[in-house]
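Protein chains in written order, with this note's numbering: chain U, 18 to 234; chain B, 18 to 234. Cβ atoms here follow ideal geometry from the backbone N, Cα and C, with glycine treated the same way. All figures in this text were calculated on a predicted structure; none of them were measured in a lab. The structure under discussion appears below in the form of structure tokens.
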DNA sequence: TCGCTTTCGCTACGAGTCGTAGCGTAACTG
DNA sequence: CAGTTACGCTACGACTCGTAGCGAAAGCGA
């Protein structure tokens, strides 16, 4: 779901159909987003220019700017949909569920278009509060459902204690999400080393504890 | 320790003193790196231009390009030194040691100059193998000493089992490093939420296990 | 002291990108 | 059909890029 520039920014309207004049081409929207993903994979974040995207999409540069005010916003929308493919399976154990999601996430991060875009987006987000909000709304927060689903399933199995209160549970979801997402991103995008099943298993064991201390079975 | 362009790229020399002609100004080096850090804090990665850095450092643009071939390399050197301040304390318990390092790292990431630079550097590194190598050599790998020191101290206290073999130990250091660094980065730079002592404690507990299961005291 | 070498600051350059404005045309509504 | 909006196209000034050429400055060895 892209977030185009509102055709008429300040017009409360009846919020119903605002069909008046020539409607925006939905085909252009798709062509632009596809072109953005392709260009990202080929040229990376730095090599991506608005002019290039427009040409590749068969669209005038003006048309592009009419919908997305800058490269940042454009890329958020172009990338966000990539993350929708992540699903939380129910494999019968928390360990297996986490390993499966980690593997999915790692595979996603291995793709050129997400690799080129994600960290660059995050980097811009550190300076632009609005952009950071959009990143969270479009990319980060929707994926927290995975953690919530996994927790719920594990609680149903008795692997996890039920939530005591809402606030604590939310904080715990945040911590777990930051840990899984951050670690996999760091492994793949910074260290640049592959996420093998072996690594995934070890990481999950570390996450679920116990730490390999002598006294622990 | 900056990595300037070699004055005469291909000259084995006797590797001794290559003093011939006017030597490069060490003051210019310092002025450039200082200007880079300042400009990063003020303008962010995207706003940082080579011309701006040169002007601010009181140096000709040509002088800048003689030493660093691009913005990427310049920023690596300008930022790497920031990380040298991290130290692993010996507070008597692994929990306390990790909490202390997490707090230091979070404080470092909260500074504008590192915030603007780190993720952007990582982003560029995903497309440029040489840059990624330089980032690892200059920033990432040196900090793994913290994990090794913490492990050694914990082993001496009996909190951790001694290493069985070298390869496994190295992998474990990598996993722990990716987990701590990645999680804190994600919390501060992506989620954009503060690293409080409370959060640090909960994260460390999660890391050291056991996971808060019902049967665990 | 005098060359020799290298770096210095400065200026200027072509190439490329940015985001916007103006134009005439196309598409859709009442 | 008139009104409205989106469209493709062209052109624009402002900016950054990385490089080249210049004369002057700084250190070296003879």
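Cutoff 7 Å; reference residue i; Cβ partners in own chain excluding five residues on either side
| i | result |
| --- | --- |
| residue 123 of chain B | 201, 205, 212 |
| residue 166 of chain B | 105 |
| residue 217 of chain U | 116, 119, 120 |
| residue 131 of chain B | 96, 99, 125 |
| residue 88 of chain U | 65, 67 |
| residue 53 of chain U | 70, 91, 92, 95 |
| residue 180 of chain U | 186 |
From the options, residue whose alpha carbon lies closest to that of residue i
| i | options | result |
| --- | --- | --- |
| residue 203 of chain U | B:158, B:178, B:217 | B:158 |
| residue 154 of chain U | U:97, U:52, U:49, U:177 | U:97 |
| residue 190 of chain B | U:223, U:61, U:165 | U:223 |
| residue 163 of chain U | U:182, U:72, U:150, U:111 | U:111 |
| residue 68 of chain U | U:187, U:108, U:82 | U:82 |
| residue 102 of chain U | U:92, U:126, U:217 | U:126 |
| residue 117 of chain B | B:226, B:214, B:225 | B:214 |
| residue 75 of chain B | B:59, B:85, B:51, B:91 | B:51 |
| residue 120 of chain U | U:197, U:225, U:207, U:38 | U:197 |
| residue 194 of chain U | U:160, U:45, U:220, U:219 | U:160 |
| residue 92 of chain B | B:186, B:149, B:220, B:225 | B:149 |
| residue 46 of chain U | U:37, U:36, U:38, U:78 | U:78 |
| residue 192 of chain U | B:210, B:182, B:187 | B:210 |
| residue 186 of chain B | B:175, B:168, B:73, B:85 | B:168 |
| residue 145 of chain U | B:207, B:156, B:220, B:219 | B:207 |
| residue 84 of chain U | U:113, U:182, U:114, U:49 | U:49 |
| residue 44 of chain B | B:220, B:109, B:80 | B:80 |
| residue 147 of chain U | U:86, U:181, U:219, U:180 | U:86 |
6 Å CB neighbourhood of residue i in its chain, flanking five on each side removed
| i | result |
| --- | --- |
| residue 137 of chain U | 62 |
| residue 40 of chain B | none |
| residue 133 of chain B | 57, 61, 62 |
| residue 129 of chain U | 58 |
| residue 135 of chain B | none |
| residue 107 of chain U | 170 |
| residue 37 of chain U | none |
| residue 42 of chain U | none |
Inter-residue CB distance, residue i and residue j (contact presumed, cutoff 8 Å)
| i | j | result |
| --- | --- | --- |
| residue 140 of chain B | residue 140 of chain U | 6 Å |
| residue 56 of chain B | residue 70 of chain B | 6 Å |
| residue 226 of chain U | residue 226 of chain B | 2 Å |
| residue 199 of chain U | residue 199 of chain B | 4 Å |
Residues near residue i by beta carbon distance below 8 Å, same chain, minus five either side
| i | result |
| --- | --- |
| residue 178 of chain U | 172 |
| residue 152 of chain U | 93, 138, 139, 142 |
| residue 183 of chain B | none |
| residue 221 of chain U | 112, 115, 116, 119 |
| residue 12 of chain B | Past the edges of chain B, shown from 18 to 234, lies residue 12 of chain B, and the structure says nothing about it. |
| residue 219 of chain B | none |
Extract the residue ranges of the alpha helix (DSSP H) inside the segment 78 to 146 of chain B, only unbroken runs of 4 or more that lie entirely within it. Qualifying alpha helix (DSSP H) stretches, in chain order: 78 to 84, 88 to 97, 111 to 127, 129 to 142.
Whole alpha helix (DSSP H) runs in the segment 36 to 75 of chain U with 4 or more residues, listed along the chain? Taken in chain order, the whole alpha helix (DSSP H) runs of length 4 or more contained in the segment 36 to 75 of chain U are 43 to 64, 67 to 74.
Return the chain-ordered ranges of every alpha helix (DSSP H) run that is complete within the segment 172 to 214 of chain U and spans a minimum of 4 residues. Here the runs fully enclosed are 183 to 202.
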